[in-house]
Amino acid sequence: MKYIEKYIWLQPAYQAFLGYIQQQRLPHALMISGPAGIGKSLLAKDFARTLLCRQPDENGIPCGECSGCHLFDVGTHPDFLEVSPEESGKAIRVDQIREMCANLSLTSHAAGYKVVIISPADAMNNNAANSLLKTLEEPTDNTLVLLEVTKPERLPVTVRSRCQTLVCEPPDRQTALSWLQQEQVGQGISHEISKDQLDILLDLANGAPLEAIRLNEAGQLETWQTFVTQLVELIEGGLAPAKLLAAWNKDQILQLLGWLRAVLIQLIRADQLGYKAAVDQKSAVVQTLAGYYERADVRKLHALLQKCDRTHALLVKHSGLNRVLLFEEILILWTTIFTANQQMRA
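In this note's numbering, the protein residues as written are 1114 to 1459.
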């Protein structure tokens, strides 16, 4: 339970895994599904650590002291293998899966389980997924294949149908915020991130705490604030959509689309709470747009959010589309949300 003790929102999934063991119905292939940035790959490692421990307690929790635990923690356990893309953003290739399958067919060194983690499994190309299929159809005894996925729909149905699925959920927002605040204290961060900034990071990370940390460490908070300032300039008419886009790389369009979506979500949330209540809660985005938000057409906020979602799905599916042109159209629609003749809210 090396990671589960720290990432409390993963504990229900870990307890479900222990239940499989205790009831002697552990599948040969388990697909761990859930959004990015919540720690699914770390959860998979705790699953593997649990199975490879030689002296677990009565609940099946690893002892942390036996030779199996020691070998796993130093990364030299002969019955454990990880498969991932050789380069970030690249696919898992067929020869990697073939080598993994050959390894699984060998006898366990410790006369126990052999465990493999494929992470992210939705990065397998078609040939790799098809190569895995035979192992899933004819599994070797005492083997477990753990497939960590964010987008299971990218895997062939034939692969998915031969795996038992364990869905992991992100923490609720308050739990995520509390955890991030405690994490700051634990890490001894000298310049503490404010609650407003944590709110923004969580929106950018779609509620995933570990992704929020990664974004902050990558300096994305400052870049995000630049983008919000540009959105204000669009409303004021001091910046044209084409000029805004000229300041960014076209490869950043998907990121900008996600950021605009985060802005829209915060404005819609503020509308649901009531404008004055939102300001009292000091939402950074609402405060930045306070002079304009009072005359926002809320129906257009919802419509633009839906368009952002549709455009994102389209760009992910079809890489050859003109991203700049599609996002410029969205930015033009953004400027129409705030109309000067809209009746001021109370």
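We put the beta carbon where it would ideally sit given N, CA and C, even for glycine.
Of the residues assessed, GLN1343 falls on the buried side of the cut-off, its CB having 16 or more other CB atoms within 10 angstroms.
Taking LEU1328 as the centre and dropping the five residues before and after it, the same chain places the C-beta of LEU1314, LEU1317, ALA1318 and LEU1334 closer than 8 Å to its C-beta, in chain order.
Taking the CA atoms as reference points, GLU1118 sits about 8 Å from GLN1124. Between the stretch 1350-1363 and the stretch 1423-1431, the count of C-beta pairs closer than 8 Å stays below three; the two stretches do not touch. Under the rule that a run must span 3 or more residues, the beta strand (DSSP E) segments found entirely inside the stretch 1194-1270 read 1227-1231 and 1256-1262. Nearest Cα to ASP1254 within the set CYS1276, MET1237 and ALA1224: ALA1224.
Burial of ALA1236 is indicated by the presence of at least 16 other C-beta atoms within 10 angstroms of its C-beta. The residue from LEU1446, VAL1437 and GLU1441 with its alpha-carbon nearest to that of ASP1410 is LEU1446. Excluding its 5 nearest sequence neighbours in each direction, PRO1252 has C-beta neighbours in its own chain below 6 Å: HIS1141, listed in chain order. The C-beta distance from SER1146 to SER1197 rounds to 17 Å, too long to fall under 8 Å, and the pair is not in contact.
In the assembly as shown, ILE1151 is a buried residue. Its beta-carbon has 16 or more other beta-carbons within 10 Å. In the DSSP assignment, VAL1280 is bridged to SER1146.
The DSSP-derived three-state label of ALA1355 is helix.
Annotation for PHE1130: the continuous alpha helix (DSSP H) segment containing it runs 1124-1135. Bridge pairing for PHE1451: ALA1409 [DSSP]. Between the stretch 1433-1441 and the stretch 1359-1371 there are three or more inter-stretch CB-CB distances shorter than 8 Å, so the stretches are counted as touching.
Just so you know, the alpha carbons of ARG1275 and LEU1260 end up roughly 11 Å apart.
In the displayed model, THR1189 falls within coil according to three-state DSSP, outside both helix and strand. Cβ atoms of LYS1413 and ILE1450 come within 8 Å of each other, at about 4 Å. Take the alpha-carbon of LEU1428 and the one of TYR1405: they are about 30 Å apart. Close CB contacts of GLN1135 within its chain, under the 7 Å cut and outside five residues either way in sequence, are with GLY1173 (chain order). When secondary structure is reduced to three states using DSSP, ASP1312 falls in the helix class. Selection HIS1222, VAL1341 and ALA1325 evaluated against LEU1184 yields HIS1222 as nearest (Cα-Cα). Shown here for ASP1192: same chain residues with a beta carbon closer than 8 Å to its own, the five before and five after excluded, namely LEU1165, SER1221, HIS1222, ALA1223, GLY1225, TYR1226, LYS1227 and VAL1228 in chain order.
Contiguous alpha helix (DSSP H) elements confined to the stretch 1358-1386 occur at 1366-1386, taking only those with 4 or more residues.
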